[in-house]
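FYI, the numbering for the sequence shown is 48 to 810, going by the working numbering. We treat Cβ as the ideally placed atom computed from N, Cα and C, and that holds for glycine.
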Amino acid sequence: MPRCSEDRGEMMRPGARQYVVARPLYSEDSFAEEHEKVYRHRKTTLDHVKQYFTCDAKRAKNAALSLLPVIGWLKIYRVKEWLLSDIVSGVSTGLVAVLQGLAYCLLASLPPWYGLFSAFFPVIIYFFLGTSRHISVGPFPVLCLMIGSVVTRLVPDEGPAANITGFEGLTRDEQRVLVASSVTFLAGIMQLAMGLLQVGFVVMYLSDTLVSGFTTAAAVHILVSQLKFVLGLSVPGLSGPLALVYTLEIIFNKITSTNVCDLVISLVIMVVVFIVKELNVRFKSKLPVPIPIEVIMTVIACGVSYAFDFKKRFGIGVVGFIPKGYEPPIAPNPQIFQETAVEAFPMAIVGFAVAFSVGKVYSVKHDYTMDGNQELIAFGVSNMFGASFKSFAASTSLSRSAVQESTGGKTQIAGLLSAVIVMIVTLAIGFLLEPLPKSVLGAVVIVNLKGMLMQVTEVPYLWRRDKPDCVVWLSTCIGATLLGLDIGLAVGLGVELVSVVLRAQFPRCSVLANIQGTDIYKDRKDYINIYEPEGVKIFRIPSPLFFANIEFFRSKLVEAVGFNPLRVLRKRNKAVRMIRKLLKKGDLKWTSKGYLNTSYGPITESQDESNMEELDLPTDLKDLPARIDWDAELPANIIVPRVDVHSLILDFAAVSFLDISALKGLQTALKELIRVEVEIYIVACDTYILEKLHNCSFFDDEVQPSMFFLSLHDAMLHILEKHPESTEKKSDFGKILTSVTVHHPGGSLRSRDRIAPDPETRF
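Structure (structure tokens):
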């Protein structure tokens, strides 16, 4: 049992606490014999299927609560404490949602008022089905841009629309709305299907680095797409690879046609909004509510534009007519499903990933849980419902969610109230926004890109700390910028998966050595005061073993031990063949002094290459008069490579799984070493892997379960007992300082210096 000691030994720094553990030396077999395991029934696949389809009252109740999370938090809603905060938060968020709905709709190449639909319908459904209490559901600029690329591909600004049944008799705007709502409906179906199939874990494949690079590229696309509104230029919407480059080319060619009024308005809006936003951040603790500067500037710009009739006097583009009320629902177009399936899937993934990431931050901060699968269901149904009423794909805006949380929002009641504010604008006062210049919306969008664009500052940090992650960031960002967001996301995901595979395929293997005076083993390249017994090697692989890295493991193992066991084995078997042949011919005979040459002529090595497969079998010494000492000088000028390693320890502490290919490769590698008389010890092996080895017939007459030890130090002590000569140093290394547990009648423990080896020696 462990005991703490305050004694100060020579091996420890002054004042350091020590602990001494007195226990037997354990192999896996001896530990299993001494300590009985608890029997656990392992469920089969059939058991899991039966359990999944079994239903009782408790499970039905839990299912209802999981599908309608609103029931769970409404039961604990504190009306007196939370309601006022939710009202204030809902009104503030609603005002921002109106403005962002109009602004982000321009990214989707749709009439602005459809952004109000996207800030209303999905919020209603998410109120009942969502598990986050703080995110603000609605338009998200990256998704809007992805929708815009699909819309402009099927219904370009110039030229005929795609040949799709259902476009007949519709205006260009109506065709675009049909495309946007159909692709949104399809993305919703995909999200709902993933939620029902319990594959919410898919978001784990989108690392923070990948999302950062992707959203930075999206910010660049958004910035370029808004330049035409800021400059007052007529630029057709383009999509596909290099669309960004072509758009910039068109803008630079038309730069002399810039509308000065639009440019001035945009610059003023951007400067004022930027300054006030910075003040909001700096004085966050002192301001009860962040100053809604976007809303204030929008109202001012609306009033000034109306008073001075900017549209007629300066020819600026304005939001224009905003119809009152909602439009009747429409059915999605199946043919558009076929045309947009490739784009819809990344939309579904990105929309969910962003919303879940933002929601996770707030759930941790406010101590409640989020369910990834339920979030997929919530967004899937929200998008399908919203698409039926001509809204486009919804996720969450980072800035809008920050407003909802920072203004005191406690639950999705704040989100519901924000939807009510949007509804009031849609039904009653939308006409007040008709004179709003589009350049104002473009300026607001650009200012809100600051956070995403500033992510580029992560690149130097990533390069210094983790170059593969930096490559993922750059690949995703550059790919999404030049090739488009959908292809860029696929490129980033591919590079990310390749980097993971490469890290696992080429792990940093190391040879360990003992830190003197401890039972600790570290990479021998990293420390000075280390101890390595003669003839013992400790090899560590910090990765799972599978089909892709098993050959790398074997090559690194050969490099670590310093010889190729298969080559040595073949040389030994050739030597045995030759000795046998010479004995038979009488050119060699056995004496008390060993093998003696009886032939005076030169003896050359046999070039007999028959039965080559026998050279890979264990060396057969049965019919020889005596065992061959491979470390001694061999007769008849026979030369066989020396093997200076008698024991090899494989540290499997970091090996989490082993596939069949790796199992076969490992077995072959171990047999090659065993056949050249190297003892193998595998330590710290996971129980699951041990069970798999037994189930897969890994063990035989050569590879045996007795080679597995509980810990690295157990194996080392076992080796030093078996090979005491290992501690004799050929170099002038000096005395090896060790700590030995000495048992006294009084039961106390104390440390004494001894020279290894000893069964209780501590390295």
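Roughly how far, in whole angstroms, is the beta-carbon of residue 257 from the beta-carbon of residue 523, given that I think they are within contact range, below 8 Å?
As a position in the sequence shown, residue 257 is number 210, starting the count at 1. As a position in the sequence shown, residue 523 is number 476, starting the count at 1. The pair is a contact, with the Cβ atoms about 5 Å apart (cut-off 8 Å).
Given that a residue counts as buried once 16 or more other Cβ atoms are within 10 Å of its Cβ, and exposed if not, what is residue 587?
Residue 587 sits at position 540 when you count from the first residue of the sequence shown. So residue 587 ends up on the buried side.
Verify whether the separation of the beta carbon atoms of residue 486 and residue 204 is less than 8 Å.
On the sequence shown, residue 486 is found 439 positions in, with the first residue counted as 1. On the sequence shown, residue 204 is found 157 positions in, with the first residue counted as 1. Contact: no.
Just tell me which of 189, 179, 437 and 282 has its CA closest to the CA of residue 415.
Locating residue 415 in the sequence shown gives position 368, counting from the first residue. Cα-wise, what sits closest to residue 415 is 179.
Hey, how far is the Cα of residue 328 from the Cα of residue 341?
Locating residue 328 in the sequence shown gives position 281, where the first residue counts as 1. Locating residue 341 in the sequence shown gives position 294, where the first residue counts as 1. Residue 328 and residue 341: Cα-Cα distance of roughly 15 Å.
Does the separation of the CB atoms of residue 116 and residue 148 fall below 8 Å?
Counted from its first residue, the sequence shown places residue 116 at position 69. Counted from its first residue, the sequence shown places residue 148 at position 101. No, the Cβ-Cβ distance between residue 116 and residue 148 is not below 8 Å.
Given this structure, state the Cα-to-Cα distance separating residue 270 from residue 493, to the nearest angstrom.
Position 223 of the sequence shown, counting from 1, holds the residue named residue 270. Position 446 of the sequence shown, counting from 1, holds the residue named residue 493. C-alpha separation (whole angstroms): 6 Å.
Find the nearest neighbour of residue 585 within the set 532, 592 and 560, judged by alpha-carbon distance.
Translated into the one-based positions of the sequence shown, residue 585 becomes position 538. Residue 560 is the option with its Cα nearest to residue 585.
By a C-beta neighbour count over all protein chains shown, 10 Å radius and 16 as the cutoff for buried, is residue 152 buried or exposed?
Translated into positions along the sequence shown, residue 152 becomes position 105. So residue 152 ends up on the buried side.
Here's a check: name, in chain order, each residue in its chain whose Cβ is nearer than 8 Å to the Cβ of residue 351, leaving out the five neighbours to either side.
The residue you call residue 351 lines up with position 304 of the sequence shown. The beta carbon of residue 351 is closer than 8 Å to those of 357 in its chain, skipping five residues each way along the sequence.
Residue 478 beta carbon less than 8 Å from that of residue 364:
For the purposes of this step, residue 364 is identified with residue 317 of the sequence shown, where counting begins at 1. For the purposes of this step, residue 478 is identified with residue 431 of the sequence shown, where counting begins at 1. Their beta carbons are not under 8 Å apart, which means residue 364 does not touch residue 478 by this criterion.
Helix, strand or coil for residue 1? Go by DSSP, reduced to three states.
Outside the shown range of the chain, which is 48 to 810, sits residue 1, and nothing can be said about it.
Going residue by residue through the segment 249–302, where are the continuous beta strand (DSSP E) segments of at least 3 residues, counting only ones entirely within it?
Look at the segment 249–302 and you find no whole run of beta strand (DSSP E) that is 3 residues long or longer.
The segment 417–429 touching the segment 571–582, judged by at least three CB pairs closer than 8 Å
The answer is no - the segment 571–582 does not touch the segment 417–429, with fewer than three Cβ pairs under 8 Å.
Taking 8 Å as the CB-CB cut-off, is residue 239 touching chain C?
This model lacks chain C altogether, as it is built from one protein chain only.
If I measure Cβ to Cβ from residue 735 and keep anything under 8 Å in the same chain, skipping five residues before and after, which residues do I get?
Locating residue 735 in the sequence shown gives position 688, where the first residue counts as 1. Correct list, in chain order: 704.
Under 8 Å by Cβ, that's how I've got residue 531 and residue 74 pegged, so tell me the actual separation to the nearest angstrom.
Translated into positions along the sequence shown, residue 531 becomes position 484. Translated into positions along the sequence shown, residue 74 becomes position 27. Not really, about 59 Å apart at Cβ, beyond 8 Å.
Who are the Cβ neighbours of residue 615 in its own chain at under 8 Å, not counting the five residues just before and after it?
Indexing the sequence shown from 1 puts residue 615 at position 568. The answer, listed in chain order, is 687, 688, 690 and 723.
What span of residues does the beta strand (DSSP E) with residue 729 cover, start to end?
Here residue 729 is taken as the residue at index 682 of the sequence shown, counted from 1. In the DSSP annotation of this structure, the continuous segment of the beta strand (DSSP E) that includes residue 729 starts and ends at 726–730.
Using the C-alpha atoms, what's the distance from residue 625 back to residue 582?
For the purposes of this step, residue 582 is taken as residue 535 along the sequence shown, with counting starting at 1. For the purposes of this step, residue 625 is taken as residue 578 along the sequence shown, with counting starting at 1. Here the C-alpha atom of residue 582 lies approximately 28 Å from the C-alpha atom of residue 625.
Identify, in the order they occur along the chain, each residue of the same chain with its Cβ nearer than 7 Å to the Cβ of residue 367, setting aside the five sequence neighbours on each side.
By 1-based counting over the sequence shown, the position of residue 367 is 320. Excluding residues within five positions, the ones whose Cβ falls inside 7 Å are 481.
Based on Cα-Cα distance, which residue from 144, 369, 312 and 726 lies nearest to residue 183?
What you label residue 183 is simply residue 136 of the sequence shown in a count that begins at 1. When only C-alpha atoms are compared, the closest one is 144.
How do the segment 538–555 and the segment 281–289 stand: do at least 3 beta-carbon pairs fall below 8 Å, yes or no?
Touching, no.
Can you find the residues in the same chain that come closer than 7 Å, C-beta to C-beta, to residue 380, ignoring five residues on each side of it along the sequence?
The sequence position of residue 380 within the sequence shown is 333, counting from 1. So the qualifying residues of the chain are 211, 213, 225 and 229.
Which residue comes first and which comes last in the beta strand (DSSP E) that contains residue 569?
In the sequence shown, residue 569 corresponds to position 522, counting from 1. Element bounds for residue 569: 568–570.
Which residues bound the beta strand (DSSP E) around residue 583?
Numbered from 1 along the sequence shown, position 536 holds the residue referred to as residue 583. Going by DSSP, residue 583 is part of the beta strand (DSSP E) stretching over 583–587.
For the segment 369–384 against the segment 157–169, are there 3 or more C-beta pairs whose distance is under 8 Å?
Contact holds: three or more Cβ-Cβ distances are below 8 Å.
In angstroms with no decimal places, state the Cα-to-Cα distance between residue 272 and residue 344.
Numbered from its first residue, the sequence shown carries residue 272 at position 225. Numbered from its first residue, the sequence shown carries residue 344 at position 297. Residue 272 and residue 344 have their C-alpha atoms some 22 Å from each other.
Based on the DSSP output, what are the partners of residue 755 in its beta bridges?
By 1-based counting over the sequence shown, the position of residue 755 is 708. 729, per the DSSP bridge assignment.
With three or more C-beta pairs closer than 8 Å as the rule, is the segment 670–682 touching the segment 602–614?
Flag = no, the segment 602–614 and the segment 670–682 do not touch.
Between residue 542 and residue 519, what straight-line distance do the alpha-carbon atoms span, to the nearest angstrom?
Taking the sequence shown and counting its residues from 1, the one referred to as residue 542 is at position 495. Taking the sequence shown and counting its residues from 1, the one referred to as residue 519 is at position 472. Cα-Cα distance, rounded: 6 Å.
Locate the alpha helix (DSSP H) running through residue 315, then write down its first and last residues.
In the sequence shown, counting from the first residue as 1, residue 315 sits at position 268. Run containing residue 315: 307–329, per the alpha helix (DSSP H) assignment.
Helix, strand or coil at residue 636 according to DSSP, with G and I counted as helix
The residue you call residue 636 lines up with position 589 of the sequence shown. It is a strand residue.
Run through DSSP, which three-state label would residue 159 get?
Indexing the sequence shown from 1 puts residue 159 at position 112. If DSSP states are grouped into helix, strand and coil, residue 159 belongs with coil.
Following the continuous alpha helix (DSSP H) through residue 173, name the residue where it begins and the one where it ends.
Start at 1 with the first residue of the sequence shown, and residue 173 comes out as number 126. Under the DSSP assignment, residue 173 falls in the alpha helix (DSSP H) whose first and last residues are 168–176.
Run of the beta strand (DSSP E) containing residue 66, from where it starts to where it stops
Within the sequence shown, numbered from 1, the residue matching residue 66 stands at position 19. Residue 66 -> beta strand (DSSP E) spans 65–68.
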